[in-house]
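Participant: Numbering (the numbering used here), first residue to last: 84 to 226.
Cβ coordinates follow ideal geometry from the N, Cα and C atoms, glycine included.
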Amino acid sequence: MAETGEEGIPGSWVDKYLELGFWHAFVVSLAVIIVSEIGDKTFFIAAIMAMKHPRKLIFSAAISALVIMTVLSVLLGFITTIIPRVYTFYASTLLFIIFGVRMLYEGYNMNDDEGQEELEEVQMELKKKEKSTDCDSALIPLL
84 MAETGEEGIP GSWVDKYLEL GFWHAFVVSL AVIIVSEIGD KTFFIAAIMA MKHPRKLIFS
144 AAISALVIMT VLSVLLGFIT TIIPRVYTFY ASTLLFIIFG VRMLYEGYNM NDDEGQEELE
204 EVQMELKKKE KSTDCDSALI PLL
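1. Going along the chain, which unbroken runs of the alpha helix (DSSP H) with 4 or more residues stay wholly within the region 128-180?
2. What would DSSP say about residue 214, mapped onto helix, strand or coil?
3. In the structure shown, what three-state DSSP assignment does residue 121 receive?
4. Classify residue 108 as buried or exposed, calling it buried when 16 or more other Cβ atoms lie within 10 Å of its own Cβ.
5. Taking buried to mean at least 16 other C-beta atoms within 10 Å of its own C-beta, is residue 129 buried or exposed?
6. Go through its chain and collect everything with a Cβ distance to residue 141's Cβ below 8 Å, but skip five positions before and after it.
7. Compute the Euclidean distance between the alpha carbons of residue 206 and residue 135, then round it to the nearest angstrom.
8. Kindly say whether residue 181, judged by its beta-carbon, lies nearer than 8 Å to any beta-carbon of chain D.
9. Rank 202, 196, 112 and 195 by C-alpha distance to the C-alpha of residue 153 and give the top, closest one.
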């Protein structure tokens, strides 16, 4: 008789997925991080900070923060394997609801002009960069 997988189906997708190994997990994790981080607010904050501060410093700080968050996520994932699954299910559901309600509350109580100052600051910085780029490109034909 054929072996059954976790869901009782012969040769289930769970068994096949678990056999894929390290490189599959690495590529999938990398793809998920890339897709979820590009366009995230931390991505834009790092881009804006790189306009004002040394790029290498901002890059190293952003990479360090990502490494720390990844290590914390792995540790939390390891801890959840120790705790019975039913408790982690209810705890994650509760946390999801709490954070969702908190975000809705903050969004509802946010002032209309709360982000205006940051927007004006970024626009001024971009204009400065644009003017300096225009001046640099005007000097190129003279060289």
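Facilitator: In brief:
1. 138-165
2. helix
3. Per DSSP, reduced to three states, the secondary structure at residue 121 is coil, with no helix or strand assignment.
4. exposed
5. buried
6. Taken in chain order, the residues that qualify are 129, 132 and 133.
7. Take the alpha-carbon of residue 206 and the one of residue 135: they are about 12 Å apart.
8. Absence of chain D from the displayed structure is noted, only one protein chain being present.
9. Residue 153 has its Cα closest to that of 112, out of 202, 196, 112 and 195.
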